[in-house]
Each structure stands twice: as C-alpha cells, then as structure tokens.
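Here the protein sequences line up with chains A, B and C, keeping their order. Numbering of the first sequence is given in my numbering, commencing with residue 1 and proceeding in unit increments. Numbering of the second sequence is given in my numbering, commencing with residue 1001 and proceeding in unit increments. Numbering of the third sequence is given in my numbering, commencing with residue 2001 and proceeding in unit increments. Written out below as structure tokens is the structure these notes cover.
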Amino acid sequence: MEGNIGELGQYIGVGLTAFGMGMAALGVGNVAGNFLAGALRNPSAAAGQTATLFIGMAFAEALGIFSFLVALLLMFAV
Amino acid sequence: MFSLLQEAAHTAVETTEGVVVHDEAAHGADAATHGVDAAGHAAEAAGLPQLDIATFGNQIFWLVVTLVVLYLVLSRIALPRIASVLSDRQGAVTGDLMAAEEFKQKAKEAEAAYDKALADARSEAQAIVAQNRAEIQAELDAAIAKADAEISARTAESEARIREIRASADESAREVARDVTAQLVASFGGNADDAAVSAAVEDRMKGAVQ
Amino acid sequence: MATEATGGGLEFHPMDQFIVKPLFGAGEVHWYTPTNVTLWLALTALAAIALLVLGTRGRAIVPNRAQSMAEMAYGLVYKMIEDISGKDGLRYFPYVLTLFMFVVFANLLGLLPMAFTVTSHIAVTGVLAMAVFLGVTAIGFIKNGTHFLDLFWVRSAPLAVRPILAVIEVISYFVRPLSLSIRLAGNMIAGHAVIKVFAGFAAIAAVAPVAIIAVVGMYAFEVLVAFVQAYVFTILTCVYLKDALHPSH
Chain A
1 MEGNIGELGQ YIGVGLTAFG MGMAALGVGN VAGNFLAGAL RNPSAAAGQT ATLFIGMAFA
61 EALGIFSFLV ALLLMFAV
Chain B
1001 MFSLLQEAAH TAVETTEGVV VHDEAAHGAD AATHGVDAAG HAAEAAGLPQ LDIATFGNQI
1061 FWLVVTLVVL YLVLSRIALP RIASVLSDRQ GAVTGDLMAA EEFKQKAKEA EAAYDKALAD
1121 ARSEAQAIVA QNRAEIQAEL DAAIAKADAE ISARTAESEA RIREIRASAD ESAREVARDV
1181 TAQLVASFGG NADDAAVSAA VEDRMKGAVQ
Chain C
2001 MATEATGGGL EFHPMDQFIV KPLFGAGEVH WYTPTNVTLW LALTALAAIA LLVLGTRGRA
2061 IVPNRAQSMA EMAYGLVYKM IEDISGKDGL RYFPYVLTLF MFVVFANLLG LLPMAFTVTS
2121 HIAVTGVLAM AVFLGVTAIG FIKNGTHFLD LFWVRSAPLA VRPILAVIEV ISYFVRPLSL
2181 SIRLAGNMIA GHAVIKVFAG FAAIAAVAPV AIIAVVGMYA FEVLVAFVQA YVFTILTCVY
2241 LKDALHPSH
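Here is the structure:
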C-alpha cells in the first residue's frame, strides 16, 4: 500500500471527525434523557414541550452533521 | 458515473503531465505516477456529486419551478378546501352538540310533565277514594240510624204491649180479688158493700202488684 | 477511498446515487436540462398535490384515509405555527405547509429503491434554507423596522456583556441557513450512504445476513429520520418566524 503523506493525513483526519459524530450522539442522548427525566417527574407538562425537545435535538445533531460535512470535504474536496 | 470520473481523470492526467514534464524532465517516470495520483485526486474532487457546481443551476432552476407550482396549487386549491372541510366539520359538531343539548332539555321537560301527571293522577285517586269512603260512611250511618230507629220503635211497642199485659193482669187480679173478697164476705155472712170491697182491695193491692 | 475499494467482489459506490444526470441521453447538464433531479422534484410535487388535493376531493364530513392524512398534515403544521409563531404567523401558513410537504415527500420518496433524493443536495436544501432566511429577515424588517435589531441587542443582559452577546447572536443568526440546509442534506447523505455501504457488504456471503438485517434496520430508521428532519425543518422555520414577528426576547 503505497501513497503519499498527504493522503495519510487526509484519512487520519477523516477518521478523527468520527469523534465529532460520537460527541453529537452524546449530546442528543443528553437532550432526550433529560427530557425523559423531566417528563416522568411532570408528565402533564411533557406534551407541550415536544417541540422544544425536537428543536434541542436538532441543534445538538446539527453540530454532529457539521463534523460529517468536514469528513466529506476532507475526503472529496481537499 | 465511473466513465465520467475516468474522463475527468484523463484530462487531469494530461494537464498535470504537461506541467510535470515541463518542470521536472529528469524524473519523467516518477512524475508520471505522481501525475496519476494527482489525477485520482482530481477525480475524487469531482467525486462528491453534491459539490459539483456545474449542476447547481439546473437543480436550483427546477427546484424553484417545483416550489412555485406546489405553493400555488396548495394555497389556491388545497388549503381553502381543507379549511372549509374542517370548519364544516366544526360547525356540524357544534350543531349536533347544541341539538343534543336541546333534546336533553326536552327530555327533562317531558320527565317533569310525566311526574306532574303521575302526581295529579295519584291525588285524584286519593280524592275519589276519600269521596267513596265518605259516601259509604254516610250510607252506613243512615242504615245504622234506621236500624236504631226500628229497634227503638220495636222496643217501645214491646214495652207498650208488656205494659198493657201487665195492666190487664192487674185488672184481672183486682177483679179476682174483689170477687174473692165479696164471696168471702158473703160466706162469712156479711153484706158486702161493693164500694168498700173495691176500696179495700185497692188499698191492699197498692204496691203489691208492680 | 471508498469508490476505489474494488477487489474481492466488493464494490462500494455509496455516493453514486447522488449523481445528477440528464434524463434523456448523455451530455452536459445545462440549467434547463430535464435531469433526474427534475423527475424526482416533479414526483415530489405530484405526491404532495395528490395527497392534499386529490385526497380531499370528497370534502367529506367523515373523512376517508387520504383525507384524514391530509387533514393531519394540515393540522400538524397549523398547530405548529400557532403554538410557536403565534396567531400573526398564520399569514405565512401556506408557505410553511409547502415547505413541510415538499421536504417530507422528497425525503420519503428518496427512500424508494433506485430513487434520487433531491433533499440530499446542498443546492436544493440551500435554496430552501436561504428562502426561509431571506424571507424571515425581510418580514422582520418590514414588520418591526429597526426594532428588528433588538433581536441582537439583549436588553435583559447586563450592559457590559451586551456587545459580546450581540456578536454571538449575529453569528448564530447568520449560521441559521447554513445549519438548516446542512442538517437536512447531511442527514439524507449520511443515511443513504450508510444503507449503500451495508448493501455493499451483502456481496460477501459470510456477512450477507447481517448486512441485510442492518439494511432493513437502517431503512426503518431512515423513514423515521425522513419525517423528523422535515418536522425539524418546519419547526425551525416557525421559530425563525417567531423571532421575526416578535424580536424582543
């Protein structure tokens, strides 16, 4: 397997961006878990907050998607 | 896709080779492999279809056309129709609820009327019962009074009879006593005065009979 | 490189499904060329129109299946705007519903085998997001004039930190169209690419059952993601609309 050092760095970088996606997973899990904990304490208030839940999840997830974008750019555009 | 990539790679190879050959004639063979690497790289750059700027105009044009069509159809046809259906349903539900309320009111009124009729009938029945009872009582009273009167009449009659009988018996006894007295007086040789005999008898008889 | 991993019967082309190509013949893609993008955009619009127009053809008081689905979509978006943007946001209801129906049908139709996912392209989602961003900004300035800038000047914060907050608010405001478009496109690209990679593994007999089960599982997850991403796109539009209509925090 021969190749140049630039490509090596590229692949390592792409692999590292996977950490970003994992962190986003932590964030989304945190949002969902805290929502569930709050919802179980006060189930009557939970129904009105599902929109907030989705907004929070979307923000947490967006940053993970950014790391995926960085991976794609590294792979294909650099 | 693959053929496109290869085409791109070919053009890239040609250009890179040209540059490389001009710059480093000494490492010809080396440079050629390098050039292929770079070409692969160029192919990769075109590799992500999302980043292919050449197709952006096409996509944006057709997207805008689609969105405008969809917006016009939805806002002109679909939304007014759905809104009218929803408001119709809301109206129907409200109307039905009001009708149900009305029927409930009517049922309540009917129940009240029924209760009232029942109470009326009951009181009427009681009145009739009381009236009948009064009539019967009156009849009974009249019959009792009649019977009483009859009984008292009979009693009076019987008493009168008894009194008569007793009077006749008294008279008979007196007569017998007078006769007996007259005979007795005569048999003793006396001259019996009728008046004296009867007075004596009357005198003795007083309080004896009765 | 995934596209070069050929050998041993394994061929991964996870990104090939996103290539824009002309519908008729080969050649260059001009701005007017009918491409597979055109086809799937048209199918998306037709599906949305079929549900919302043909489905409600009966105008029944007691709806059939299609009509109750159309009413459900209508009610979902209507309630979303009413709850988040307020009553005055309902003026923009037709546009928000158009966005929602377009995104949800593009996502779902893209999941059909051999289909092309229009929402996986940055160009498409970028236009959608920029339309929301520019529209919302215009509405904000038209409705509130310069008071719209109160959005960036947080009056409830202490005076000293307000400039810092203003910088953060401005940055986050201008990142909105970027995050809106990249979230949608990224979710679509990632999901479809992952399905394709698992499908590629199905060529190896030893792992084929696992790969096929994984494809089925990912597919189910992607159906959920397709809907959730449309929902999120719409709900964020409503949030931005609320900011434009009521900029003071």
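Note that beta-carbon positions come from the ideal geometry of N, C-alpha and C, so glycine has one too. These figures come from a predicted structure and were not determined experimentally.
(message) Using only the alpha-carbon positions, how far apart do isoleucine 2213 of chain C and alanine 2115 of chain C sit?
(response) 21 Å
(request) Compare the C-alpha of proline 2113 of chain C against each of C:Gln2017, C:Phe2233 and C:Glu2169 and name the closest. (result) C:Gln2017
(request) Could you please give me the residues that DSSP links to proline 2022 of chain C through a beta bridge? (result) Proline 2022 of chain C has C:Thr2035 as its beta-bridge partners, per DSSP.
(message) Does glycine 13 of chain A come out as helix, strand or coil in the three-state DSSP assignment?
(response) helix
(request) Would you check if there are 3 or more beta carbon pairs closer than 8 Å linking the stretch 2043-2050 of chain C to the stretch 1070-1079 of chain B? (result) yes
(request) Give a yes or no on whether the minimum CB-CB distance between phenylalanine 76 of chain A and chain B is below 8 Å. (result) yes
(message) Rounded to whole angstroms, what is the Cα-Cα separation between glycine 1028 of chain B and glutamine 10 of chain A?
(response) Because glycine 1028 of chain B sits at a pLDDT of 42, beneath the cut-off of 50, its placement in the model cannot be relied upon, and the point is left open.
(request) Below 8 Å CB to CB, which residues in the same chain sit around alanine 2166 of chain C once its five sequence neighbours on both sides are set aside? (result) Phe2152, Trp2153 and Val2154
(request) With a threshold of 16 other CB atoms inside 10 Å of the CB of asparagine 1058 of chain B, please say whether the residue is buried or exposed. (result) buried
(message) Going by DSSP in three states, glutamate 2028 of chain C sits in which element: helix, strand or coil?
(response) In the structure shown, glutamate 2028 of chain C sits in coil (DSSP, three-state: anything other than H, G, I, E or B).
(request) Indicate whether at least one CB of chain B lies closer than 8 Å to the CB of histidine 2192 of chain C. (result) no
(message) Can you look up threonine 2152 of chain C in the DSSP assignment and give me helix, strand or coil?
(response) The amino acid occupying residue 2152 of chain C in the given sequence is phenylalanine; threonine does not appear at that position. Reduced to three states, the DSSP call for phenylalanine 2152 of chain C is coil.
(request) Identify, in the order they occur along the chain, each residue of the same chain with its Cβ nearer than 6 Å to the Cβ of serine 2248 of chain C, setting aside the five sequence neighbours on each side. (result) Asp2150
(request) Specify the secondary structure class of lysine 2143 of chain C as computed by DSSP and reduced to three states. (result) helix
(message) Considering only their Cβ atoms, is the gap separating isoleucine 2235 of chain C from methionine 2069 of chain C smaller than 8 Å?
(response) no
(request) Answer yes or no: does any C-beta atom of chain B fall closer than 8 Å to that of leucine 8 of chain A? (result) no
(request) Please go through the same chain and pick out, in chain order, the residues whose beta-carbon is closer than 7 Å to the beta-carbon of arginine 2162 of chain C, but skip the five residues on each side of it. (result) Answer for arginine 2162 of chain C: Trp2153 and Val2154, listed in chain order.
(request) Could you name the residues of the same chain whose beta carbon sits closer than 6 Å to that of aspartate 1023 of chain B, not counting the 5 residues immediately before and after it, in chain order? (result) Low confidence applies to aspartate 1023 of chain B: its pLDDT is 43, below 50, so where it sits in the model is not reliable, and the reading given next is rough at best. Result list for aspartate 1023 of chain B: empty, nothing under 6 Å.
(request) Output, in chain order, the set of chain C residues within a Cβ distance shorter than 7 Å of leucine 1067 of chain B. (result) Thr2098 and Phe2102
(message) I need the straight-line Cα distance from glutamine 1210 of chain B to alanine 1127 of chain B, nearest angstrom please.
(response) In this prediction, glutamine 1210 of chain B scores a pLDDT of 48, lower than 50, which makes its location untrustworthy; the coordinate-derived value is nonetheless stated afterwards. C-alpha of glutamine 1210 of chain B to C-alpha of alanine 1127 of chain B: approximately 59 Å in a straight line.
(request) Say whether chain B places a C-beta atom closer than 8 Å to the C-beta of phenylalanine 2024 of chain C. (result) no
(request) Pull up the CB-CB distance for arginine 1174 of chain B and valine 1197 of chain B, whole angstroms please, since I reckon it's below 8 Å. (result) Not a contact, Cβ separation roughly 11 Å.
(request) Kindly say whether isoleucine 12 of chain A, judged by its beta-carbon, lies nearer than 8 Å to any beta-carbon of chain C. (result) At a cut-off of 8 Å between beta carbons, isoleucine 12 of chain A makes no contact with chain C.
(request) Kindly confirm or deny that the stretch 40-47 of chain A and the stretch 7-27 of chain A touch, where touching means at least three C-beta pairs closer than 8 Å. (result) no
(message) Need the endpoints of the alpha helix (DSSP H) that asparagine 4 of chain A sits in, please.
(response) That residue, asparagine 4 of chain A, is in no alpha helix (DSSP H); it is neither H nor E in DSSP.
(message) So, at 8 Å on beta carbons, what are the nonlocal neighbours of valine 1129 of chain B in its own chain, with the 5 sequence-adjacent residues on each side left out?
(response) No residues qualify anywhere along the chain.
(message) So for glycine 56 of chain A, helix, strand or coil by DSSP?
(response) Here DSSP, grouped into helix, strand and coil, assigns glycine 56 of chain A to helix.
(request) Apply the 10 Å Cβ neighbour rule to methionine 1098 of chain B and answer buried if 16 or more other Cβ atoms are within range, or exposed otherwise. (result) exposed
(message) Any beta carbon from chain B within less than 8 Å of valine 2197 of chain C's own beta carbon?
(response) Contact with chain B is absent for valine 2197 of chain C, since none of that chain's Cβ atoms lies less than 8 Å from the residue's Cβ.
(message) Using CA atoms only, rank isn't needed, just tell me which of C:Tyr2095, C:Thr2137, C:Gly2055 and C:Leu2159 is closest to tyrosine 2173 of chain C.
(response) C:Thr2137
(message) Please tell me whether aspartate 1030 of chain B has its Cβ less than 8 Å away from any Cβ of chain A.
(response) Low confidence applies here, because aspartate 1030 of chain B scores a pLDDT of 44, under 50, leaving its location unreliable and the question unanswered by this model.
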